[in-house]
Each structure stands twice: as structure tokens, then as C-alpha cells.
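*Asks:* For the sequence shown, the working numbering begins at 13 and goes up steadily by one.
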Amino acid sequence: MRETFYALCTAIALSFIISTRNKTSERLRLLPSDKERVLIVGCSSGVGRDIALQYASRGAKLMLFARREALLESLSQECRQAGSDHVEYIPGDVCQTSDLERLVESTKCTLGGLDTVIFCAGLISVRPFLDASGIKIVSSSSSSSSSFRCQHEESSTSSVDDALEHITNVNYMAAVRLCRLILPVIIETSVAPNIIVMSSLAGKVGAPTRALYAASKHALHGFFDSLRVEVERYNVHIAMVCPGTIDTELRKTAVDIGKNEGGPVAGSTKGKLSPSAVAQRTINASDRREREVYIPALFGYLAIWAKLIASRWVDWAAKKKYIVLAQQGNNAPPAPQLSTTVTPEHTSATTLPATTTPTIPADAGGSSGHGQHGLSTSTTTTSVLTHFSMPSRIASSSIQSSFHPTPSAPYPDDTVGKYGPLHVSSANDDANLLYQGLIAFTLIVSSTVLLVLKL
Numbered sequence: 013m014r015e016t017f018y019a020l021c022t023a024i025a026l027s028f029i030i031s032t033r034n035k036t037s038e039r040l041r042l043l044p045s046d047k048e049r050v051l052i053v054g055c056s057s058g059v060g061r062d063i064a065l066q067y068a069s070r071g072a073k074l075m076l077f078a079r080r081e082a083l084l085e086s087l088s089q090e091c092r093q094a095g096s097d098h099v100e101y102i103p104g105d106v107c108q109t110s111d112l113e114r115l116v117e118s119t120k121c122t123l124g125g126l127d128t129v130i131f132c133a134g135l136i137s138v139r140p141f142l143d144a145s146g147i148k149i150v151s152s153s154s155s156s157s158s159s160f161r162c163q164h165e166e167s168s169t170s171s172v173d174d175a176l177e178h179i180t181n182v183n184y185m186a187a188v189r190l191c192r193l194i195l196p197v198i199i200e201t202s203v204a205p206n207i208i209v210m211s212s213l214a215g216k217v218g219a220p221t222r223a224l225y226a227a228s229k230h231a232l233h234g235f236f237d238s239l240r241v242e243v244e245r246y247n248v249h250i251a252m253v254c255p256g257t258i259d260t261e262l263r264k265t266a267v268d269i270g271k272n273e274g275g276p277v278a279g280s281t282k283g284k285l286s287p288s289a290v291a292q293r294t295i296n297a298s299d300r301r302e303r304e305v306y307i308p309a310l311f312g313y314l315a316i317w318a319k320l321i322a323s324r325w326v327d328w329a330a331k332k333k334y335i336v337l338a339q340q341g342n343n344a345p346p347a348p349q350l351s352t353t354v355t356p357e358h359t360s361a362t363t364l365p366a367t368t369t370p371t372i373p374a375d376a377g378g379s380s381g382h383g384q385h386g387l388s389t390s391t392t393t394t395s396v397l398t399h400f401s402m403p404s405r406i407a408s409s410s411i412q413s414s415f416h417p418t419p420s421a422p423y424p425d426d427t428v429g430k431y432g433p434l435h436v437s438s439a440n441d442d443a444n445l446l447y448q449g450l451i452a453f454t455l456i457v458s459s460t461v462l463l464v465l466k467l
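1) On the CB-based measure, 16 or more other CB atoms within 10 Å of its CB, does Leu-364 come out buried or exposed?
2) Does the segment 85-95 come into contact with the segment 104-119, if we say contact requires no fewer than three beta-carbon pairs (one atom in each stretch) closer than 8 Å?
3) Look at the alpha carbon of Val-253 and the alpha carbon of Ala-144, and state the distance between them as a whole number of angstroms.
4) Roughly how many whole angstroms lie between the Cα atoms of Glu-302 and Ile-295?
5) Under the DSSP definition of a beta bridge, which residues are partnered with His-249?
6) Mind reading off the beta-carbon distance from Ile-250 to Ile-207? Whole number of angstroms is fine, and I expect it under 8 Å.
7) By Cβ distance, which residues of its chain are closer than 8 Å to Val-290, with the 5 residues on each side in sequence left out?
8) Around the Cβ of Asp-237, are there at least 16 other Cβ atoms within 10 angstroms (buried) or fewer (exposed)?
9) What are the uninterrupted segments assigned as alpha helix (DSSP H) that are 4 or more residues long and contained completely in the segment 112-161, given in chain order?
10) If you compare alpha carbons, which of Asp-174, Ile-269, Glu-261 is closest to Ser-286?
11) Within 10 Å of its beta-carbon, does Val-188 have 16 or more other beta-carbons around it, so buried, or fewer, so exposed?
12) With distances taken between CB atoms, is the gap from Leu-135 to Val-50 smaller than 9 Å?
13) My output table needs one value for Cys-254: the three-state DSSP class, helix, strand or coil.
14) So what does Lys-229 bridge to, in DSSP terms?
15) For Thr-468, count neighbouring C-beta atoms within 10 Å of its own C-beta (all shown protein chains included) and say buried if the count is 16 or more, exposed if not.
16) State yes or no: is the C-beta of Asp-62 nearer than 8 Å to some heavy atom of the ligand HEM?
17) Cα separation between Ile-372 and Val-241?
18) Leaving out five residues before and five after Lys-229 in sequence, what residues of the same chain have Cβ atoms less than 6 Å from its Cβ?
19) Hey, how far is the Cα of Val-243 from the Cα of Glu-200?
20) Closest to Asp-174 by CA distance: which of Tyr-67, Ser-96, Val-267 is it?
21) Could you give the first and the last residue of the continuous beta strand (DSSP E) run that contains Tyr-101?
22) Rounded to a whole number of angstroms, what is the C-alpha to C-alpha distance between Tyr-313 and Ser-152?
23) Using a Cβ-Cβ cutoff of less than 6 Å, which residues in the same chain neighbour Phe-311 once the five nearest sequence positions on both sides are dropped?
24) Pull up the distance between the alpha-carbon of His-416 and that of Val-172, whole angstroms please.
25) When DSSP labels each residue in this structure, what does Thr-22 get in the three-state scheme?
26) Among residues of its own chain, excluding the 5 on either side of Arg-293, which ones have a beta-carbon nearer than 6 Å to its beta-carbon?
27) May I ask which residues mark the beginning and end of the beta strand (DSSP E) holding Tyr-306?
28) In terms of alpha-carbon separation, which member of Pro-103, Ser-69, Gly-95 lies closest to Ala-82?
29) Is Ile-321 near Val-217, with beta carbons less than 9 Å apart?
30) Here's the rule I'm using: 16 or more other beta-carbon atoms within 10 Å means buried, otherwise exposed. How should Tyr-246 be labelled?
31) Return yes when the Cβ of Ala-78 is within less than 9 Å of the Cβ of Cys-107, no when it is not.
32) For Gln-163, which residues does DSSP report across the bridge?
33) In the DSSP output, what is Met-185 paired with across the bridge?
34) Roughly how many angstroms separate the alpha carbons of Ala-186 and Ala-133, rounded to a whole number?
35) Locate the alpha helix (DSSP H) running through Arg-92, then write down its first and last residues.
36) Give me the Cα-Cα distance between Leu-190 and Ser-118, rounded to the nearest whole angstrom.
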């Protein structure tokens, strides 16, 4: 039985390799790489720039489009040195329909048509939506039905509206407008027309601090998934490339951060992908005419499966990844001390019921009855601290812990800070989270084995 299983796995792997190579060779047979006419939108830096250089090394004919003309000119020279004998560029704004129309007309005139369109233009958001909207949540000492009250900053309302409009225009509307203009060209002039869209894993799974960004990418997937079915009869192929965090400067130009604002940005800094690797995978996906690509592949597929099977586990993992690693600035007010006393009511292998009493020194600022971060100095609640990353068995009678929040505190998982009060959950949350994670893992493994055995 074991030998049969290994033989089936080997056969499936070989079949996959052969099929992908056949797809690659089929398009390259119809369209040799040195004859391919490629339009790259958003290529002055980052992944788009590496895609242009790698296509140039194959001898492809290139049309480059981005806002920064000086960088475009420099890139065009590098592309010629890399091996392309036909490189054109047009500076312009993807949000301006007139610039896109000029791009399409120039492409038809200079390249005589188009085979591959790669849309890399994009913006990102990096702040929690409430924070970007100027809405601060503080604890309420009144006897109302809610334990919280909201404070609004009117000056932030117009800023978040502008950010929403800007990121939607660049990430979504520009791609739709470009498709409207470019589809007639590639349908009429190419034997194997491809449209490749640089999306993100945020277009499949949302994440805290990325609400505006994830919304624009989800819209992108909705449009192109629908368009793919409509244009398939004309041999137009559409691929969505969904990478994780890439080692670029994108986050420093986020739409929800003002020009004069500085400081760290929410999100993990570990395991970032290189633009060159993402570019190479994108070109391979175009050659093979793949439908949707996740980079890294295993992480993408697991995230999507887990979202369907154990969505709470995905939420927990997202919060862990997008913790704000902010450092206290020189001019920041002194950070308040948070002392927490944890007294277990009983010992459990899966949950930790506790009585927590947050205390904030009087010199930490804030009004009477509330600390700087909106915490009541006399509130006692029975809860489970989600700051503990995994459930634990506690043998001692009490635990003394201390946390030093920064002015720009971590997302709710890190106890207390700018974005709200002490984050607590019911006693069963950690157990449910672990349970859902185990179910997700079991189902993924079992479904994979069953699929292999059936094949």
C-alpha cells in the first residue's frame, strides 16, 4: 500500500511538471520570447522594474509606463543593455484616462500591437480604519448599555475619504479602465493574449491595518474573475499574481500616512520576498498561462483553505503578523506602566480564567477616572488575556506581569495602547482557536491524501 501511495505521488508530480512545461512550450511556440510585445504599467521601481529587466533579457519588445520620467528613462537604458532592441516608455498617471488613452495609441503605433499586459501599479494602507478615520474608542464610566464611547476628530474624516478614493483609483479603477482600452488591441493583434495583474494575498484574506488595501484588492479579484470567463472565448488569458510581503518601499508611501508623519509601519518585517523572485514567478505564470499564483505557494493555499475551514485561526494569525513594532519617539510622552495581577480561579489545560485589574499611574495623563489610553483605573473584569500566545497550565496562585506600551501601541493583541483598552476575550476563545486550527490541519491533510488515492 505504501509503495502504491508513493508511486501515485510521483506520477502526479511528474504529470504536473509535464503539463506545465507543455503549457509553457505551447505559448512560446506560438509566440517566441524575442517576438513578444509587453506592456508593463507601474515599473519605475519594485517588482515592475524587475519584470521589465527580465523580459528585456529575453529580447522582448517593451512599452514602459509609470509616473516618474527620470526613473523610466534610466530603466529603458538598462533594458536595452539587458538585451532588448526595442524599448519605449511613456510617463503618465494611471488615474488619468487621457494618459491611458495616449499609452494605448502609442503602443499600437510603436509596437504594432500587444501580446502581454502586466499591471503592477499599486498603493497600500497601513493603519487601522478607526485610527485613520479619527475615531478613538475609550472606556465609558456611565451606566449606558455600551462599555465604550467614541471620540471623533473631524480633521481626519476628509483624510480617510481621500485615502479611500486614491487607493481605489490606483489599485482597482485604473486596471478596469486600462482593460477597457487595451482589450480590443490584444484581441486583434496577438495569437496568445495575456493580461497579468499584480494583486496580493490581501486580495484573498483580509488583515488588520490593511482594510482599505484589502478592499481594493478584493474588488480587483472580483472584476478579473468575472472578466476571465467573458473573454476566454477570444483566447484571452487573465492571471492574478498574489505575493506576500515584498521587500520594497511600498509601505513608506501608504495612502493613510501624512507626508509629515513618520514612525514604524504595521506589519511583519521577516521573510520578505525579493522583487526579483516575484518577477521571475510572474513571467513563468504568464508563459504557462496560469490562472492564479500565490507566492509563496504553500502559504497562500494554506491561508485560503484555513479561511474556509477555520476563519478564527486566520484572524488570530493575521493579528500576530501585523503587530505594530513602534519605537517610542524622542518627543513622545512617557509611557504609562501597566501592572496586571492574574489570579487563577481553577487550573485548566486549555483556558486561563483570571481576574485582571489594570492600573495606570496618575501622572500618565488623561481625565479623571481614565488613563491616557482610555482605561478605567478601578475596573475589575473576569477574562482571559489574549496576550498569552498559547493556552497554558498554571500551577502557582498568581502571576505578576508588566507591559510598557508605546505611544503608537501594537494592534489589540498587545494589551493596551493607542487603538483601545485592554483586549480580553471569553474563556473558551483560545480553546476554540486551537480546536479550529487542528480541524483545519486534519482536513487539509486528509483531503490531500484522499485526492491522491482517488487519482
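Cβ coordinates follow ideal geometry from the N, Cα and C atoms, glycine included.
*Replies:* Judging by the given coordinates:
1) Only weak support exists for where Leu-364 lies, its pLDDT of 39 falling under 50; the value from the coordinates is given anyway. Flag for Leu-364 reads buried.
2) no
3) 28 Å
4) 10 Å
5) Asn-206
6) 5 Å
7) Val-59, Asp-62, Val-253, Pro-255, Ile-258, Ile-307
8) exposed
9) 141-144
10) Glu-261
11) exposed
12) no
13) strand
14) In DSSP, Lys-229 forms no bridge with anything.
15) Because the chain spans 13 through 467 in this model, residue 468 falls outside it and cannot be assessed.
16) The ligand HEM is not among the ligands present in this structure, which contains no ligands whatsoever.
17) Only weak support is given to the placement of Ile-372: the predicted model assigns it a pLDDT of 37, under 50, and the value that follows is read from those uncertain coordinates. Roughly 58 Å between the two C-alpha positions.
18) Ser-211, Ser-212, Ala-214, Gly-215
19) 13 Å
20) Val-267
21) 99-103
22) 42 Å
23) none
24) With a pLDDT of 40 at His-416, under the threshold of 50, the predicted position of this residue should be treated as unreliable, and no value is reported.
25) helix
26) Ile-307
27) 304-307
28) Pro-103
29) no
30) exposed
31) no
32) Lys-148
33) Note: Met-185 sits in no beta bridge, so no partner.
34) 9 Å
35) 81-94
36) 14 Å
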